[in-house]
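Enquirer: In order, the protein sequences belong to chains A and B.
When we follow my numbering, the leftmost residue of the first sequence carries the number 1, and every step to the right adds one.
When we follow my numbering, the leftmost residue of the second sequence carries the number 342, and every step to the right adds one.
Protein chains: 2
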Amino acid sequence: MKVGDLATPALLADAGVLERNVATMAAARPGPALRPHVKAFKCTSLAAVLEGAGHHAFCCATTREVEGMVSAGIGADLLLANEVLDVRRLAALADLAGNGMARITVAVDSSETIAAASAAGITEVLVDVDVGMPRCGCQPGEAGSVADTARSAGLHVRGVMGYEGHMMHEVDRDTREEGVARSMAILARAADEVGGDVVSGGGTGSFDCNDTVTELQAGSYILMDRDYARLELPFEEGLIVSGTVVSVGAGGHAVLDAGLKALAMDSGPPGLMGGGTVLFCADEHTTIVGGNWVVGDRVGLRPAHIDPTISKHEHIHLVDDITSGGDAEVLETWPVDLRGW
Amino acid sequence: MKVGDLATPALLADAGVLERNVATMAAARPGPALRPHVKAFKCTSLAAVLEGAGHHAFCCATTREVEGMVSAGIGADLLLANEVLDVRRLAALADLAGNGMARITVAVDSSETIAAASAAGITEVLVDVDVGMPRCGCQPGEAGSVADTARSAGLHVRGVMGYEGHMMHEVDRDTREEGVARSMAILARAADEVGGDVVSGGGTGSFDCNDTVTELQAGSYILMDRDYARLELPFEEGLIVSGTVVSVGAGGHAVLDAGLKALAMDSGPPGLMGGGTVLFCADEHTTIVGGNWVVGDRVGLRPAHIDPTISKHEHIHLVDDITSGGDAEVLETWPVDLRGW
Chain A
1 MKVGDLATPA
11 LLADAGVLER
21 NVATMAAARP
31 GPALRPHVKA
41 FKCTSLAAVL
51 EGAGHHAFCC
61 ATTREVEGMV
71 SAGIGADLLL
81 ANEVLDVRRL
91 AALADLAGNG
101 MARITVAVDS
111 SETIAAASAA
121 GITEVLVDVD
131 VGMPRCGCQP
141 GEAGSVADTA
151 RSAGLHVRGV
161 MGYEGHMMHE
171 VDRDTREEGV
181 ARSMAILARA
191 ADEVGGDVVS
201 GGGTGSFDCN
211 DTVTELQAGS
221 YILMDRDYAR
231 LELPFEEGLI
241 VSGTVVSVGA
251 GGHAVLDAGL
261 KALAMDSGPP
271 GLMGGGTVLF
281 CADEHTTIVG
291 GNWVVGDRVG
301 LRPAHIDPTI
311 SKHEHIHLVD
321 DITSGGDAEV
331 LETWPVDLRG
341 W
Chain B
342 MKVGDLATPA
352 LLADAGVLER
362 NVATMAAARP
372 GPALRPHVKA
382 FKCTSLAAVL
392 EGAGHHAFCC
402 ATTREVEGMV
412 SAGIGADLLL
422 ANEVLDVRRL
432 AALADLAGNG
442 MARITVAVDS
452 SETIAAASAA
462 GITEVLVDVD
472 VGMPRCGCQP
482 GEAGSVADTA
492 RSAGLHVRGV
502 MGYEGHMMHE
512 VDRDTREEGV
522 ARSMAILARA
532 ADEVGGDVVS
542 GGGTGSFDCN
552 DTVTELQAGS
562 YILMDRDYAR
572 LELPFEEGLI
582 VSGTVVSVGA
592 GGHAVLDAGL
602 KALAMDSGPP
612 GLMGGGTVLF
622 CADEHTTIVG
632 GNWVVGDRVG
642 LRPAHIDPTI
652 SKHEHIHLVD
662 DITSGGDAEV
672 LETWPVDLRG
682 W
């Protein structure tokens, strides 16, 4: 099957880019030194590619992601790297762990999240530490007491996690390195207080400048996006939303049948494969200018942010070359089976 | 069931607001004077509410929306208000129309879209006219010849459509009225050239200043969003994404488990119910400041753009009062059954 045979909009991943990006990261962060974050791609078939590259521990952001990974039999060691208070949902994970389906660890940062994990029958946790981005995580000075509370509740504390997300997209290399170092110094001190052997954190943007974590939580690197591409990392962009030109205006603008319901817009509008400019995105359409398109052409849009773009789609089509428009060969079609909550 | 029992993030619609908005529009545009656009809400249960208010003709943006409406038995007269070249998909609609399941009309704006409709067995079309926004639609001066081409291909031309989308969110009332009038003058001339009895167009923002169309294509009015709320229309905001506070930082910031995968960001970040400010949205989280939240609180986020927010969710929960947090009663839960492509 060719890309030209697919109904549009269609999400396409470049097989060669995927292979190279996975290999580049596996060389830098082999096996357990990487805990790939499935929130970036929400697809167990893609997770299986990473397992094939030697990574057997994974990060998840939602309980559904954890359950889906267990169902697919991928990942011996799954970390829910997020605070969850929903005891029913946590109990379902505890059952899976209790049945020996996978090792499941949950992030906690407060007495409330510890109480929820404990009530649900969760047995293993990481203490999530705020390392400078105002999101989840306890204050660094409280990490030791959070760990004590968890242990008092009968939980095994495997170590700490802390995400230096405020530095992840910093374009200037020196600024990024310095910021990552400051955050990781905080995390290292918290790790000393907490104990355990896991120090989890980092991401695509700090993959080669975070020497503190024992496992890197990166996901976007596998197919990248426009936002990360600004950092000049050794990973290539390999994901596009393919649209069909359904109308060409007198002034030369063309209209694709792929709009902002198919593309994340939080980090800006998409770029265009093969030249030209995006004029604007509407719900179901993108108007493009600066090229010579005809009705029926297949045109690729390069998303600014990979995670929420993929989560809008039901399928990812693996193709032999995303630059070749409708003539590209569709090698495999994978369900985005971990989306939703 | 209470909102506090729902897993989060959860999409909530206010039953009273929905009822009042639907009634206000039905009074202004009764029965066939409104062709509600299901792309805004992608939910046949909501479409059924509109049918109950006397509207039996609907707009769709995708073939899946048309098929879903037919499956649900809602809408005697369905307009695919979009250009589609995919003959297989159009043929599926033609089969439904041929079997008497619904009257199905398709927008065309070129010889290519006419050829696709004709090849698929579609029998009825509207000529889509560019009335000033660079998106789909033929040039106004070509509308007559497009209609001739369609008739030569054996298609029944019911009339014209043209969307003045570039004026739809114009906040200044006078500017909006003038712009709508300019666009509709273009559409009226094209209608004279094309013939037929349908002049379709407009939207929520022009509901009371577009006197040209025989049927208004509005959808957002039913639950509104922050972007449309700036226009001071007589419709209320009635849709929120409900999140749970999963973490509270030392500085007083709180973190909700609802982020940009649950909220459209193309028209800006969400607002907050009950005071406080959104600091930023991440994939799975929203950090909020300026309130006194505790872990476990339910907090509502008001989306900036309704259409792509709803399309991210599997369900809409109809509640008795979106302002009452976790104590609100869940009256009904409706699948967002028309999402995807």
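By construction, the Cβ of each residue, glycine as well, lies at the ideal position given by its N, Cα and C atoms.
Just to make sure I have the definition right: I need the residues of chain B whose C-beta is within less than 7 Å of the C-beta of Asn-82(A). Which are they?
Expert: Glu-625
Enquirer: Quick one: any contact between the segment 564-574 of chain B and the segment 641-651 of chain B, if contact means 3 or more CB pairs under 8 Å?
Expert: yes
Enquirer: Return the residues of the segment 1-14 of chain A that lie within a Cβ-Cβ distance of less than 8 Å from chain B, sorted by chain order.
Expert: Ala-7, Thr-8 and Pro-9
Enquirer: Is the CB of Pro-373(B) under 7 Å away from at least one CB in chain A?
Expert: Nearest CB-CB separation between Pro-373(B) and chain A: not below the 7 Å threshold.
Enquirer: Quick test of your reading: Gly-600(B) and Thr-627(B), contact by CB under 8 Å. State the CB separation rounded to the nearest angstrom.
Expert: For a cut-off of 8 Å, the C-beta gap from Gly-600(B) to Thr-627(B) is around 6 Å, short enough to register as a contact.
Enquirer: Would you report the Cα separation of Leu-11(A) and Glu-332(A), rounded to the nearest angstrom?
Expert: 12 Å
Enquirer: Measure from the alpha carbon of Ser-547(B) to the alpha carbon of each residue in Glu-465(B), Leu-557(B), Thr-464(B) and Cys-479(B), then state which is nearest.
Expert: Selected option, being the one with the closest Cα: Leu-557(B).
Enquirer: I'd like to know whether the C-beta of Pro-134(A) is nearer than 7 Å to at least one C-beta of chain B.
Expert: yes
Enquirer: What residue range does the beta strand (DSSP E) around Ala-443(B) cover?
Expert: Counting along the chain, Ala-443(B) falls outside any beta strand (DSSP E), and DSSP gives it neither H nor E.
Enquirer: Once the 5 residues before and after Gly-485(B) are set aside, which same chain residues still bring their CB inside 7 Å of it?
Expert: Excluding five sequence positions before and after Gly-485(B), the CB atoms of its chain that fall closer than 7 Å to its own CB belong to Glu-534 and Val-535, given in chain order.
Enquirer: Would you mind working out which of Tyr-163(A), Leu-301(A), Pro-335(A) and Val-336(A) sits nearest Gly-325(A), comparing C-alpha positions?
Expert: When only C-alpha atoms are compared, the closest one is Leu-301(A).
Enquirer: Please compile the residues from chain A whose C-beta is within a distance smaller than 7 Å of the C-beta of Arg-430(B).
Expert: Ala-7
Enquirer: His-658(B) versus chain A: which residues are under 7 Å apart at the beta carbon?
Expert: The contacting residues do not exist; His-658(B) stays about 13 Å from chain A at best.
Enquirer: Using a 10 Å radius around the Cβ and a threshold of 16 neighbouring Cβ atoms, would you call Met-614(B) buried or exposed?
Expert: Flag for Met-614(B) reads buried.
Enquirer: Listed from N- to C-terminal order along the chain, which residues in the segment 261-275 of chain A have their beta-carbon within a distance smaller than 8 Å of any beta-carbon of chain B?
Expert: Of all residues in the segment 261-275 of chain A, Lys-261, Ala-262, Ala-264, Met-265 and Asp-266 have a Cβ within less than 8 Å of some Cβ in chain B.
Enquirer: Ile-316(A) lies in the beta strand (DSSP E); which residues open and close that run?
Expert: 315-319
Enquirer: Just to make sure I have the definition right: I need the residues of chain B whose C-beta is within less than 7 Å of the C-beta of Trp-341(A). Which are they?
Expert: Ala-348 and Pro-350
Enquirer: Cβ of His-396(B) less than 7 Å from any chain A Cβ?
Expert: no
Enquirer: Shortest alpha-carbon distance to Leu-431(B) belongs to which of Ala-595(B), His-396(B) and Val-447(B)?
Expert: Val-447(B)
Enquirer: Would you mind sorting His-55(A) into buried or exposed? The rule is 16 or more other CB atoms within 10 Å of its CB.
Expert: buried
Enquirer: Would Leu-572(B) pass as an interface residue toward chain A - the criterion being a Cβ-Cβ separation below 7 Å?
Expert: no
Enquirer: Listed in chain order, which residues of the segment 137-155 of chain A have Cβ atoms closer than 8 Å to some Cβ of chain B?
Expert: Gly-137 and Gln-139
Enquirer: Please check the pair Val-246(A) and Val-425(B), which I expect to be a contact at CB under 8 Å, by giving their CB distance rounded to whole angstroms.
Expert: The pair is a contact, with the Cβ atoms about 7 Å apart (cut-off 8 Å).
Enquirer: What residue range does the beta strand (DSSP E) around Gly-500(B) cover?
Expert: 497-503
Enquirer: Can you tell me the Cβ-Cβ gap for Arg-35(A) and Cys-59(A), rounded? I've got them flagged as a contact below 8 Å.
Expert: 5 Å
Enquirer: According to a CB-to-CB cut-off of less than 8 Å, which residues of the segment 93-120 of chain A neighbour chain B?
Expert: Asp-109, Ser-110, Glu-112 and Thr-113
Enquirer: Report yes or no: is there a C-beta of chain A within less than 7 Å of the C-beta of Asp-427(B)?
Expert: yes
Enquirer: If you draw a straight line from the C-alpha of Ala-603(B) to the C-alpha of Met-366(B), how long is it?
Expert: 28 Å
Enquirer: Name the chain B residues whose beta carbon is nearer than 7 Å to that of Gly-326(A)?
Expert: Near Gly-326(A) there are no residues of chain B at all, since even the closest Cβ is about 12 Å away, more than 7 Å.
Enquirer: In the DSSP assignment, find the beta strand (DSSP E) that holds Leu-572(B) and state where it starts and stops.
Expert: Premise fails: Leu-572(B) is in no beta strand (DSSP E) and is neither H nor E.
Enquirer: For Ser-324(A), does the three-state DSSP call read helix, strand or coil?
Expert: If DSSP states are grouped into helix, strand and coil, Ser-324(A) belongs with the helices.
Enquirer: Have a look at Ala-97(A), Asp-337(A), Thr-212(A) and Met-168(A) and flag the residue whose alpha-carbon is nearest the alpha-carbon of Met-184(A).
Expert: Nearest to Met-184(A) by C-alpha distance, out of Ala-97(A), Asp-337(A), Thr-212(A) and Met-168(A), is Thr-212(A).
Enquirer: Exposed or buried, Gly-506(B), counting other C-beta atoms within 10 Å across all chains shown (16 or more means buried)?
Expert: buried
Enquirer: Pick out whichever of Gly-202(A), Gly-68(A), Gly-16(A) and Trp-293(A) has its Cα sitting closest to the Cα of Gly-275(A).
Expert: Trp-293(A)
Enquirer: Kindly provide the ranges of any beta strand (DSSP E) runs that are 3 or more residues long and lie completely inside the segment 262-295 of chain A, ordered along the chain.
Expert: 277-281 and 286-289
Enquirer: Below 9 Å between beta carbons is the criterion; list the residues of the segment 57-76 of chain A that meet it against any residue of chain B, in chain order.
Expert: Ala-61, Thr-62 and Thr-63
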